[in-house]
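The structure appears right after this line, and notes come after that.
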Ligand SMILES: C[S@@+](CC[C@H](N)C(=O)[O-])C[C@H]1O[C@@H](n2cnc3c(N)ncnc32)[C@H](O)[C@@H]1O
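Numbering (our numbering), first residue to last: 1 to 247.
Right under this line is the structure:
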């Protein structure tokens, strides 16, 4: 089936979700069926509605692309992508610190590691590395504020500039103050740095929840641009989404 736009993709995702998970009303958050009490999960189709999973992504996967999902929970989103859109299950890999028992039935290639620690060697590269509501939760134990209010006269305009694709006026100062005041964002950057070598050319990291605070986004954008000026931050990059694309 062909989809002309995101709206049509969303309708199809909801239709497929009802077909694939009959009797389950995955239209909001829900508690894991395996009994774990540490997280709650998000409806698979919500990732289409939030524009985290987009038409171009589904089309690239349908043409043979592959994806690694870090922190997939019960794997229902990954199964909706695979079963619902004709993407072979061996195009999808998953990795969790503590895999949910229910994901095993989907037989995805799976890894088990803590994303906040140095990653093991993965013997493959991916078109997409997805963090579906997992980057933010993996670091939520790190204390401290989610942004700094110091030096707002310099930092706020620089945040604005960076988000709009321009260079900050005080890049070193910007980085130093945020590193000092917002330690959680340095850890998020470290996690992203671990993921980048596992992207194929023109591969994308897609994050939902974890990098939605503009100051944190701007910090990560500046650090990544300093490493490789050809990295871009295309759509979907609004709301809770953040996307990083390598050349
Ligand atoms: C809020 S749940 C989201 C699950 C699913 N993606 C969803 O949208 O419903 C967070 C997921 O991240 C995983 N996770 C948490 N901390 C992690 C870490 N340090 N390394 C790898 N995975 C982690 C959890 O085990 C869980 O699967």
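Note that beta-carbon positions come from the ideal geometry of N, C-alpha and C, so glycine has one too. Please read all numbers here as calculations on a predicted model, not as lab measurements.
### Message
Please give the ranges of any beta strand (DSSP E) in the region 185-246, keeping only runs that are unbroken, at least 3 residues long and fully inside the region.
### Response
Listed in chain order, the complete beta strand (DSSP E) runs (minimum 3 residues) inside the region 185-246 are 199-208, 241-245.
### Task
Give the DSSP-derived three-state secondary structure of residue 47 in the structure shown.
DSSP places residue 47 in helix when its eight states are reduced to three.
### Query
residue 217 and residue 242: beta carbons closer than 7 Å?
Yes, they are a contact pair.
#### Entry: Buried versus exposed, by CB contacts within 10 Å (16 or more), residue 43
Counting Cβ neighbours within 10 Å, residue 43 comes out buried, since at least 16 surround it.
### Query
Regarding residue 79 and ligand 1, is the C-beta to nearest heavy atom distance less than 6 Å?
Of the heavy atoms belonging to ligand 1, none sits nearer than 6 Å to the Cβ of residue 79.
### Task
Within 10 angstroms of the Cβ of residue 115, are there 16 or more other Cβ atoms? Answer buried if so, exposed if not.
Buried.
### Query
Does the region 157-170 touch the region 78-90, meaning 3 or more C-beta pairs lie closer than 8 Å?
The region 78-90 makes no contact with the region 157-170, as fewer than three CB pairs between them are under 8 Å.
### Query
Are there three or more Cβ pairs, one per stretch, closer than 8 Å when the region 56-71 is compared with the region 93-103?
Yes, they touch.
### Message
If I follow the unbroken alpha helix (DSSP H) through residue 126, where does it start and stop?
### Response
Note, residue 126: premise wrong, no alpha helix (DSSP H); beta strand (DSSP E) at 126-132.
### Task
Compute the minimum distance between the beta carbon of residue 88 and the heavy atoms of ligand 1, and state whether it is under 6 Å.
Because no heavy atom of ligand 1 lies under 6 Å away, the Cβ of residue 88 does not count as near it: no.
### Query
Is there at least one non-hydrogen atom of ligand 1 closer than 6 Å to the beta-carbon of residue 96?
Because some heavy atom of ligand 1 lies under 6 Å away, the Cβ of residue 96 counts as near it: yes.
### Message
For ligand 1, I want to know if residue 230 counts as a neighbour, meaning its beta carbon is within less than 6 Å of at least one of the ligand's heavy atoms.
### Response
For ligand 1, not one heavy atom lies less than 6 Å from the Cβ of residue 230.
### Message
With a threshold of 6 Å (Cβ to nearest heavy atom), would residue 236 be considered close to ligand 1?
### Response
For ligand 1, no non-hydrogen atom lies closer than 6 Å to the CB of residue 236.
### Enclosing alpha helix (DSSP H) for residue 57 [first to last residue]
Under the DSSP assignment, residue 57 falls in the alpha helix (DSSP H) whose first and last residues are 55-62.
### Task
Please report how far the alpha carbon of residue 140 lies from the alpha carbon of residue 184, in whole angstroms.
C-alpha of residue 140 to C-alpha of residue 184: approximately 8 Å in a straight line.
### Given 8 Å, three or more beta-carbon pairs between the region 26-40 and the region 60-69
At 8 Å Cβ cutoff, the stretches do not touch.
### Query
Taking Cβ to Cβ, would you say residue 92 is nearer than 7 Å to residue 108?
Residue 108 is positioned such that its CB atom lies closer than 7 Å to that of residue 92.
#### Entry: Collapsed DSSP secondary structure at residue 139 in the structure displayed
In the structure shown, residue 139 sits in coil (DSSP, three-state: anything other than H, G, I, E or B).
### Task
Between the Cα of residue 122 and those of 131, 133, 132, 110, spot the shortest distance and give me the residue it belongs to.
It is 110.
### Task
State buried or exposed for residue 5, treating a residue as buried only when at least 16 other CB atoms are found within 10 Å of its CB.
A residue is called buried when at least 16 other Cβ atoms come within 10 angstroms of its Cβ; residue 5 does not meet this threshold and is exposed.
### Query
Is residue 225 near residue 234, with beta carbons less than 7 Å apart?
Not closer than 7 Å, so no.
### Message
Looking at the strands, I want to know which residues DSSP matches up with residue 153.
### Response
Assignment of beta-bridge partners to residue 153 by DSSP yields no partner.
### Message
Our contact map puts residue 45 next to residue 26 with C-beta atoms below 8 Å; I'd like the distance itself, whole angstroms only.
### Response
Yes, residue 45 and residue 26 are in contact; Cβ-Cβ is about 7 Å, under 8 Å.
### Task
With a 10 Å radius around its C-beta and 16 neighbouring C-beta atoms as the bar for buried, classify residue 138 as buried or exposed.
Counting Cβ neighbours within 10 Å, residue 138 comes out buried, since at least 16 surround it.
### Burial state of residue 273, where buried means 16 or more other Cβ atoms lie within 10 Å
As displayed, the chain neither begins before 1 nor continues past 247, which places residue 273 out of reach and without an answer.
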